[in-house]
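Here this note's numbering is used: the first residue of the sequence shown is 1, the next is one more, and so on.
Backbone N, C-alpha and C define an ideal beta-carbon position, used for all residues, glycine too.
To keep things clear, I will list the structure first and then write my remarks on it.
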Amino acid sequence: MLSLSNVSPEMGTSYYAGEGYYTNGESQQRSRWFGKLAATLDLKGAIDPKVFDRLLHGCAPSGEILVDKSRLHKQQENAKATGQFVPVERGAIDCTTSAPKSVSMQALVFGDSRLEEAHRRANDRTMQVLENRCAITRLRKSGERMAIVTGKLLIAQFDHDASRLLDPSLHTHNLPLNLQELADGRWQSLENEPIFANKMLMGRIYRNELAREVQALGYEIEITDQTHGFWELKGYDLLKLEQFSKRAQQIKQAAGPNASSRDKEWIATHSNRAKKQEIPREELVRRWQEEAIAVGITPVQPKESAVIQSVATEAETKIAVCCGIAHCAERESAFRQEDIEKFVLSEIGKYGFDEIEAAIAANSNLIEVDSKKNQASKRFTTQSAIDRENHTIELMRQGQGRVSAIALLEEVDQFLAGKSLTTGQYQAAVQALTTTDQIMAFQGKAGVGKSYTVKAINEFAQSYGFEIRGFAPSAEAAKVLGEEAGIESRTVASLLNSKSEPSERIAESSQIWIIDEAGLLSARDAESLLEKAAVENARLILIGDTRQLSAVEAGNPFKSLQRYEMPTVHLEESLRQKVVDLKRAVDLISEGQIQQGIDQLDQAGRIQVIPDRSEKIARITQDYVGLSPDLRQRTLLLAGTNEERQALTESLREQLKAEGTLGKTASVNQLKPRDLTQIQMNFARSYSIGDKLMPLNDYQRLGLRKGSLYTIVAQDAEMLTLESSDGTRRSVDPYRIKKKAVFEERTIEVAEGDRLRWSKNDHDKNRRNGQEFLITSISGCIAQVQNRDGTIDRFDLNEPQHLDHALVATTYSSQGKSADRVFVSTSKDRSLNRESFYVAVSRAKYDLQIYASDRRYLDENAQESRAKENPLELLQGESPNEFVSRSTPAATSSAIDATPAHSAGAAVWVSPQPTAAQIQESANFHLYQRFANLKKSKSSVKRFSFSSYESSGSASDGWTTERADYVAETSTQHTACSQTGTERDCGLDQREPSGIGVDLNTLQQLRSEFAELKQVLVGHHSNGRDVHSSSNSHPDTASIQQPLDRSEPSEEKSEQESEERKNDQELSL
1 MLSLSNVSPE MGTSYYAGEG YYTNGESQQR SRWFGKLAAT LDLKGAIDPK
51 VFDRLLHGCA PSGEILVDKS RLHKQQENAK ATGQFVPVER GAIDCTTSAP
101 KSVSMQALVF GDSRLEEAHR RANDRTMQVL ENRCAITRLR KSGERMAIVT
151 GKLLIAQFDH DASRLLDPSL HTHNLPLNLQ ELADGRWQSL ENEPIFANKM
201 LMGRIYRNEL AREVQALGYE IEITDQTHGF WELKGYDLLK LEQFSKRAQQ
251 IKQAAGPNAS SRDKEWIATH SNRAKKQEIP REELVRRWQE EAIAVGITPV
301 QPKESAVIQS VATEAETKIA VCCGIAHCAE RESAFRQEDI EKFVLSEIGK
351 YGFDEIEAAI AANSNLIEVD SKKNQASKRF TTQSAIDREN HTIELMRQGQ
401 GRVSAIALLE EVDQFLAGKS LTTGQYQAAV QALTTTDQIM AFQGKAGVGK
451 SYTVKAINEF AQSYGFEIRG FAPSAEAAKV LGEEAGIESR TVASLLNSKS
501 EPSERIAESS QIWIIDEAGL LSARDAESLL EKAAVENARL ILIGDTRQLS
551 AVEAGNPFKS LQRYEMPTVH LEESLRQKVV DLKRAVDLIS EGQIQQGIDQ
601 LDQAGRIQVI PDRSEKIARI TQDYVGLSPD LRQRTLLLAG TNEERQALTE
651 SLREQLKAEG TLGKTASVNQ LKPRDLTQIQ MNFARSYSIG DKLMPLNDYQ
701 RLGLRKGSLY TIVAQDAEML TLESSDGTRR SVDPYRIKKK AVFEERTIEV
751 AEGDRLRWSK NDHDKNRRNG QEFLITSISG CIAQVQNRDG TIDRFDLNEP
801 QHLDHALVAT TYSSQGKSAD RVFVSTSKDR SLNRESFYVA VSRAKYDLQI
851 YASDRRYLDE NAQESRAKEN PLELLQGESP NEFVSRSTPA ATSSAIDATP
901 AHSAGAAVWV SPQPTAAQIQ ESANFHLYQR FANLKKSKSS VKRFSFSSYE
951 SSGSASDGWT TERADYVAET STQHTACSQT GTERDCGLDQ REPSGIGVDL
1001 NTLQQLRSEF AELKQVLVGH HSNGRDVHSS SNSHPDTASI QQPLDRSEPS
1051 EEKSEQESEE RKNDQELSL
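Set out below in C-alpha cells:
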C-alpha cells in the first residue's frame, strides 16, 4: 500500500531522528537520497541528519536560504496572536510504500533477501513516476497562478523492516522535500495537491511493479482485494498473517467499524503512536521465527523459473489501453492519462507501467485538450467523441428548413390569444408551431412552466392532425410529463430501442417528439435520438436547462447544439417560487450571481452552518419530525451523496419509529446497481463474490435466461461462476453476456408506514423506476403497499427486491421535482457544485432550508461548474467540423496502429487549403462511416468482417484476395486488431465468428463513393476553396460529410482502377 502525510520541519527532525530512523549506524546506512535535485545539490549516499534538518527548513546543505518562509512565519505569529487557525509549515511529504504482509514474512522472517531488493526497485519506479508527474510549483503571471512542471524532486528515503509494534513490515519512507528549482535557478515550494491527487495511482503502480518483480522471482500471487488491487503471495494463510498485523488491528480498533480509509490513515500517522523500540535486527528475526512456528506459518517455495504466464505482450497492452480509454470516455469527454492507467493497472501484475505509458503515447484515438491552458495534468478526449459531436451537430443542421410549418402565424396567434401564457411561453409555442426546422429547443429556468407550454402546443397540433409524444430520461419523469402536458409519454431509452420505420415509408411524418430534461441526454443518446428522428422524419423539441445537471455518461449535447445554432427559445420567467426573498435568491443564482444569491438566502435565515456531521443530521431530523404529517408529505429532503442520504434516512427512521409513525418491521434484501461502466462489466475482475448478475436477453448457449438473477459464487481472472436459484452452477465469461445488469445485495429494514420507491422498471408488474409507495401492512413474508394513485401492490420479503427508502433523495435524482418545502444538506465533497446547488435551491416553492457543513466551502464550490464538457469546446473553441476526423488504423497482423497523435496539432485541418494526405484521410473516414452505418442497419453485432468472396470476373478485384477483420466503434473507441493474437478488444469477442457479410455490389458502390468524394475534395483543393464551404447558411462550419449522389458508378479508367485497388488495400476502417 501507499500512505501520504504532510511533515513539518519540527516533526521531521524529532519524529524521524528522535526515533532512531538514522541516529545509529545501521539505520543511517539504510537511508539514501533520490531524485534529480539530489544531483543538483550534490547529495549522495546516506542521509546526514544535519543536512536533512536544513533542507526541511528550506535551506541548502550549506545553510543558505533557498525558499524564504518569512511571510509564512509572520502569518503564523499573527494567527496565534488573534486565536485563528495557524497555518502549518510543510517541510516534506511522507510517501510510504509498504509491501504485502506475506512479502514481509518471506523476506524478513524466512530470509529471501531478493524480495527486499524487489521492494526497493518497485518503490524507486513509483518515485520516478511521482517525480516526472507531480514535481510541480506555481508562479503568478498576469494575476494568475500558473502551474510549472519541473520534473525534479529531492527525496529522502528510509528503509524499515518493522512496525511500531515490532511486527515484520517491509516499508520505505519517501520524503519529497518542499523544494523546487526553476529553470532560472530560483527556488520555490513544492505543490502538494498533485501528489495527493495521484495517491491511488501511485499505490497501484507500486503494487503492480512489485507483483511483476516477485513473479519474476518464481512466486505466484493471489488477489485479496480486487477493488484496490491488494494481493499476497500464494500459499500464505490470510488469517494466520493477521497475527503479524498488530499495528493494523490497533488502528482499526481505534478508528471504529465505519471509518473510511482516510480516517484510518490519519490515525496511523498522527494518533496512538507508541515510541519505536531499538532492537537489533537479528533479535527481531529470531522472535518472528519463533512466533511463526507457534502460529503455524511456513515459507512458500518459489518456482525455479519466473512465473511469466500472466505477463502481457505488447499487443495485449495496447488492447488493454484501448479498453481503458473506452472505460474513461464512457463517462467523460475529457479525462486524465492517470485514469487510463488506473484502469489498466486494475489487473495487477500483468502490464508493465513503461509499456502502458508507451501504448498510451502511441494511441491515435487520443487527442490532447487544454494544451494551451495551464494544466498540471494532461487531459485527453478521443477522436470518436469529436466525430460523434460533429455528426450530431450536422444532423441538427440537416433538419433546418426541412419541414413545413404546422400552421400560419395568424392561426397560431389567434389560438394562443385565449391562453394565459407568459411572454416566453408564448414565444416558445409560436416557434414550435410555425418553424420549418425539424429540431428546436426550449432553454428555460427551473419552474418556467415548460409542461404547460407543451400542453398548449399539443392542443393546437392535434387539431391539425399531428401526434405529439413525450419522452424523458426516467420513467417517473415521463409519467409527470404525461400528466402535466396531457400527452403520451415514456422513456428516451424505450424510444431508442424501438424499431424505426424506413424514411421512404414516412414521406410526411406527423410525429412531434417532446424530449423533457434534454440536459440529461448523453452524447451517445443524443446522436442516436437525432439519427432516429431523421429516419422517421419526426420533429424534435428538446426541453431543458444547461444550468442544471448533466448526464452520467459523457457529453453535454444540449449545450453543444445550442452553441452551434440550434433554433432555441429562452424562457426566463420562473413561476415556481412563491415567496419574494426565495424567488429573488433563486433568480440571482440562475443568472450566475451565485454569491449574491447565497447571501440573500443567508439574510433570510435560510442557511444553517453545522460543522459536525452528526449534529447536522440530528438538526435536520429534528426539524423534519417537528412538522405535521401533512407538511412532511409536501417536504423534499435532499443530500449530495448516497452515503449521506443513507445516514440521514437512518436517523429519520429511528425518530419515526420512536413516535409510532413506523410500525411493524421486517428485513428485505435490497438489490442496488453496481456503479460499473460497460467496459468494466466485461471483465471478471470487476465483480465481487455475492454480486447478482441479470442477463437482459436470453443466452441459450450459456444457459442464461432474461431477467433471472444469478449469484456470483466464484471468480478467477477470466471467468465467473454463476449460481441460479435452483442451485445450478455454470462458468461464464462475462463479456459473452453482451447485455446485462449487475447488483450488490444487502439487507435493509422496512416497516409499516415506510415510504419506499422502486429502483428498476418492471413493466409486467406496472412498476416504474422512481415510483414511490407506502407500506400499509406486513403479514408473514408479504408486504402490502399503496401507490400514490391509490392502487394496491404486494411484494415478497423473502425475494430480493429493486427498492430503496424514499424519505431522502439525492440532488441528482431530484431534478424535475418540486415541493412546497425543501431541506438541503450540503457537505464538503464533490457533489456540491454550481449545477447541483442550483437544482437543489430551485426545487422549493415556499420554504428552503440549507444545512451546510462549511460556509466557506459552500460559497466557493457553489460557484464552480462541474457540468459535462464537449470535445469541441475543449479544443480551444473550434467550430464543428473544422476538426476533421482521421481515418482509423488498418487491421494488420501487427495488431493496433501505433501512430502517436496526442495534440490538436496532430489532427487534420482543412482550411484554407487541404493537402493530398488530408484529402485521402477525409475520404477514408467517409468509407469508415459508411461501413459503420451498414453494420448498424444489418446487425446488432459489434463486429463484422470482409470475407474472401468468389465471383466470376472479379479475380482482379483487390478485395477477393484479402481478408481482414475490422472492429467498429464501441464505447467511443475506434480500434483494430488482427484475427490472431488477441482475444479481447474493448470487450468484443474475437472468438465468435458471427458478423455480417458485405457483397461485391456494396463494395463497388463504396469504392465509387470513395473516388467521387476524392474528386470533390480535389476540386475544392485545386480551386483554392475551403473544403467546408457550402451553400447553406453556415458556410464557415458546414460538414465535410455532404450528401453524395447514390447513382450507379460509371466505368473507370484503368489507371484510376489501379489507384483504387491500392487505396482499397490501405483503407483503415
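Quick one: using the 10 Å Cβ neighbour count with 16 as the cut-off for buried, is M396 buried or exposed? buried
Can you give the beta carbon distance from G229 to L153, rounded, assuming they're within the 8 Å contact cut? In fact, because the Cβ distance is near 24 Å, the residues do not count as touching under 8 Å.
CB of T317 within 7 Å of CB of A362, strictly: Contact flag unset, no.
Secondary structure of I393, DSSP reduced to three states: helix
With a threshold of 8 Å on Cβ separation, who are the neighbours of G12 within its own chain once the five nearest residues in sequence on each side are excluded? F52, D53, L56, G91, A92, L175
Neighbourhood of Q786 by C-beta, 7 Å cutoff - its chain only, sequence neighbours within 5 removed: F773, L774, T776, I792
Residues of its chain near V454, where Cβ-Cβ distance is below 6 Å and the 5 sequence neighbours each way are ignored: Excluding sequence neighbours, V454 sits near A485, I514.
By the 10 Å Cβ neighbour count, where 16 or more other Cβ atoms means buried, how is S1029 classified, buried or exposed? Interpretation of S1029 is limited by its pLDDT of 31, a score under 50 that renders its predicted location unreliable; no figure is taken from the coordinates.
Check whether the Cβ atoms of A551 and S510 lie closer than 7 Å to each other. no
State yes or no: is the C-beta of S560 within less than 7 Å of the C-beta of N870? yes
To which residues of the same chain is E553 closer than 8 Å at the C-beta, ignoring the five residues directly before and after it? Hits under 8 Å: E330, R331, S522, A523, R524, D525.
Complete beta strand (DSSP E) runs within the segment 461-498 (minimum length 3 residues, chain order): Runs of the beta strand (DSSP E) spanning 3 or more residues and lying entirely within the segment 461-498 occur at 467-472, 488-491, in chain order.
With C-beta atoms as the reference, is T392 less than 7 Å away from P557? The Cβ atoms of T392 and P557 sit closer than 7 Å to each other.
I'd like to check one pair, G519 with T546: are the Cβ atoms closer than 7 Å? Contact: yes.
DSSP has H802 in a bridge; who is on the other side? Looking at the DSSP assignment, H802 forms no beta bridge with any residue, so it has no partner.
Hey, would you say K445 sits closer than 7 Å to Y846, going by beta carbons? no
Go ahead and label E799 buried or exposed: buried means 16 or more other beta carbons lie within 10 angstroms of its beta carbon, across all protein chains shown. exposed
Report yes if the CB atom of L835 is closer than 7 Å to the CB atom of L571, and no otherwise. The amino acid occupying residue 835 in the given sequence is Glu; Leu does not appear at that position. Going by C-beta atoms, E835 is not nearer than 7 Å to L571.
In whole angstroms, what is the alpha-carbon distance linking C95 and Q633? 51 Å
Below 8 Å on the Cβ atoms is my contact criterion, and I expect D859 with Q595 to pass it. Report the Cβ-Cβ distance as a whole number of Å. 6 Å
Helix, strand or coil: which one does DSSP assign to C781? The answer is coil: DSSP assigns C781 none of H, G, I, E or B.
Taking the CB atoms as reference points, tell me whether Q180 and T227 lie closer together than 7 Å. no
Take every Cβ of the segment 678-692, pair it with every Cβ of the segment 735-753, and state whether three or more of those distances are shorter than 8 Å. Enough Cβ pairs lie closer than 8 Å, so yes.
Is M440 helix, strand or coil by DSSP? strand
Using the three-state DSSP reduction, which class does I712 fall into: helix, strand or coil? strand
Mapping DSSP to helix, strand and coil, what is Q670? strand
Looking only at its chain, what residues have a beta carbon closer than 6 Å to the beta carbon of I782, apart from the 5 residues adjacent to it on each side? R794
Are D516 and I543 touching if we call contact CB-CB under 7 Å? yes
Tell me the DSSP bridge mates of T96? S3, H173
CA-CA distance, G111 and E117? Roughly 12 Å separates the two Cα atoms.
Cα-Cα separation between K324 and K378, rounded to whole angstroms: A small fix is needed here, since residue 324 is Gly in this sequence, not Lys. Each residue's alpha carbon lies about 16 Å from the other.
Determine, using beta carbons only, whether S853 and S814 come nearer to each other than 7 Å. no
Nearest CA to the CA of I487: which residue from R606, F466, R674, D42? The candidate whose alpha carbon is nearest that of I487 is F466.
One question on the structure: do L627 and V824 come within less than 7 Å of each other, judged by their Cβ atoms? no
According to DSSP, C134 sits in a beta bridge with which residue or residues? Its beta-bridge partners do not exist; DSSP assigns none.
In chain order, which beta strand (DSSP E) runs of at least 3 residues are fully inside the segment 157-232? 168-176, 221-225
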